[in-house]
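Take a look at the structure below.
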Amino acid sequence: MMFNFNNKKSTDMKKIQTSLIAAFFLIVFSMDHTCRAQVNDIGEIIAAGADDGRLLLQPYIAPAVDAFGAGLGSGWYNTAKPHQLGGFDITITLNTGIVPKKYETFDIDGDALTFLQLNDPASNNTPTIAGSTEAGPQINYNIEGYSEPAFNMPQGLNTNYIPAPMVQAGIGLIRGTELMVRFLPNIKIEENEIGLWGLGGKHDIKQWIPGLKNLPVLNISVLYGYTKLHTYLQLEVEPEDIGAETLPGANSSDWDDQWFRLVTQSHTANLIVSANLPVVCFYGGLGFVTTKTNLKLEGDFPTVYLDDVIPSVKAVGDPINMEITYRDGGFTKPRLNAGVRFKFAVITLHVDYSWANYSILTGGFGVSIR
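Count the sequence shown with my numbering and you get residues 45 to 414, in order.
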């Protein structure tokens, strides 16, 4: 099943064709329209300029970005034992980042806004992208007395679970070393694109520890992995979406070359221990994940400003270019992982859980030849 980005939403929905949910669920739902329609679009947040837009956009989107980034840094291993020379596996995993309850809403700092204002200053709590499906508070313009309605803050997805599917291959090299590769070729659906690649390595350190290297069953390794994902989505934000269709300048642009660009990078390092038995393997890890996401809105977007004393619309080019950096764990609060893998001939099934600020549930299957 696929989204059709040319279909207009029903009249009770905004007219922007592509929503934030596609950025995170594109791989899983193959552009499913019903998922996309759960959340209002974000282009209207910059109705009165990029500065106010950043103040509203970052806390709204950050919980999903952080959970998704944590998921990208997961699923690298299901055993501490590297492949022998020439051994290999191909594994499919679904890493699901869990957004903590405390990140389902945030409070808008009305005093920090410049050209926008809350319609009701006492009603400043609004859902994040992980929050409820109820629309947030009404935002009005605040441009030298011009206080007409601009938009309502976007609703959420009503889910704490952000999936990050992954396909990974590993091959054994010399001296207990394994090379791992993740790759998703650029997929284009109409003008929208997604792609992913990652590189990692696992090395057996038990072989270098006297007194342990000859112990059966027990395996100890270190692992490092890097993953990068990009998502490019075409938007369509018009003056009518920000309550400005009747203002001068509403037709100053075609508003048809707008882009949402998201690039997420994830680094992880772990110490892994496993007990490898004939059919079952118990494994665990201690480490950290760091993620960094660059979010851009590119193209001409409509904003409202005061031209002398007349409220008007002007096109603002490339209004948002911001970085969301989150450290999931760290040396003072490491990520702890535990799981179990079953192997039947060359088929493997595994499940594990990682405890951190954004915890991760991982499940997967694969083909493994040692």
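Note that the Cβ used here is the ideal one computed from N, Cα and C, for glycine as well.
DSSP beta-bridge partners for residue i?
i, result
"Tyr-349", "Ser-356"
"Phe-159", "Per DSSP, none; premise fails for Phe-159."
"Ser-265", "Asp-248, Ile-316"
"Gln-278", "Trp-303"
"Tyr-402", "Per DSSP, none; premise fails for Tyr-402."
"Asn-295", "Asn-295 is not bridged to any residue."
"Thr-337", "Thr-308, Ile-368"
"Thr-137", "Met-210, Gly-408"
"Arg-379", "Gly-331"
"Leu-129", "Per DSSP, none; premise fails for Leu-129."
Where residue i and residue j are concerned, what is the direct C-alpha to C-alpha distance, given to the nearest angstrom?
i, j, result
"Pro-165", "Tyr-190", "17 Å"
"Leu-116", "Thr-334", "10 Å"
"Asp-298", "Asp-153", "33 Å"
"Gln-309", "Ile-354", "44 Å"
"Asn-163", "Gly-287", "14 Å"
"Cys-79", "Tyr-205", "Only weak support exists for where Cys-79 lies, its pLDDT of 39 falling under 50; the value from the coordinates is given anyway. Straight-line Cα distance between these residues: approximately 13 Å."
"Glu-235", "Thr-275", "11 Å"
"Asn-186", "Leu-157", "9 Å"
"Thr-203", "Val-266", "34 Å"
"Gly-331", "Arg-379", "5 Å"
"His-127", "Ile-215", "6 Å"
"Ile-404", "Asn-184", "38 Å"
Mapping the DSSP letters down to three states, classify residue i as helix, strand or coil.
i, result
"Gly-113", "helix"
"Asp-96", "helix"
"Pro-103", "helix"
"Pro-198", "coil"
"Gln-212", "strand"
"Lys-257", "coil"
"Lys-246", "strand"
"Gln-309", "strand"
"Ile-391", "strand"
"Pro-144", "coil"
"Pro-283", "helix"
"Arg-414", "coil"
"Gly-361", "strand"
"Gly-87", "helix"
Less than 7 Å between C-beta atoms, sequence neighbours within five positions excluded: which residues of the same chain meet that for residue i?
i, result
"Val-72", "Low confidence applies to Val-72: its pLDDT is 40, below 50, so where it sits in the model is not reliable, and the reading given next is rough at best. Excluding residues within five positions, the ones whose Cβ falls inside 7 Å are Pro-207, Pro-209."
"Ser-318", "Thr-123, Ala-124, Lys-125, Asn-263, Cys-325, Phe-326, Tyr-327"
"Ile-368", "Gln-102, Ala-106, Val-109, Thr-337, Leu-339"
"Asn-321", "Looking at the sequence shown, residue 321 is not Asn but Leu. Closer than 7 Å at the Cβ level, and outside the excluded window around Leu-321, lie Val-261."
"Thr-150", "For the sequence presented, residue 150 should be read as Phe rather than Thr. The residues are Pro-103, Thr-170, Thr-172."
Excluding the 5 residues flanking residue i on each side, which residues of the same chain have their C-beta closer than 6 Å to its C-beta?
i, result
"Gly-119", "Thr-137, Asn-139, Met-210, Thr-406"
"Val-411", "Ile-134, Val-390"
"Gly-408", "Thr-135, Ile-136, Thr-137, His-394"
"Asn-230", "Glu-237, Gly-239"
"Pro-283", "Glu-289, Ala-294, Pro-346, Val-357"
"Phe-227", "Trp-241"
"Trp-399", "Leu-380"
"Gly-329", "Asn-314, Ile-316, Asn-381"
Grab me the residues of residue i's own chain with a C-beta within less than 8 Å of its C-beta, minus the 5 sequence neighbours each way, in chain order.
i, result
"Gln-302", "Gly-87, Gln-278, Leu-279, Glu-280, Val-281, Leu-341, Glu-342, Gly-343, Asp-344, Phe-345"
"Leu-259", "Lys-250"
"Val-323", "Phe-386, Lys-387, Phe-388"
Return the Cβ separation of residue i and residue j in integer angstroms, given the expectation that the two are a contact with Cβ distance under 8 Å.
i, j, result
"Leu-315", "Thr-271", "Actually they are not in contact, since the Cβ atoms of Leu-315 and Thr-271 sit about 19 Å apart, beyond 8 Å."
"Leu-100", "Met-197", "7 Å"
"Gly-269", "Gly-244", "3 Å"
"Ile-218", "Leu-129", "6 Å"
"Asp-96", "Phe-195", "11 Å between Cβ atoms; not a contact."
"Ala-174", "Pro-103", "In fact, because the Cβ distance is near 11 Å, the residues do not count as touching under 8 Å."
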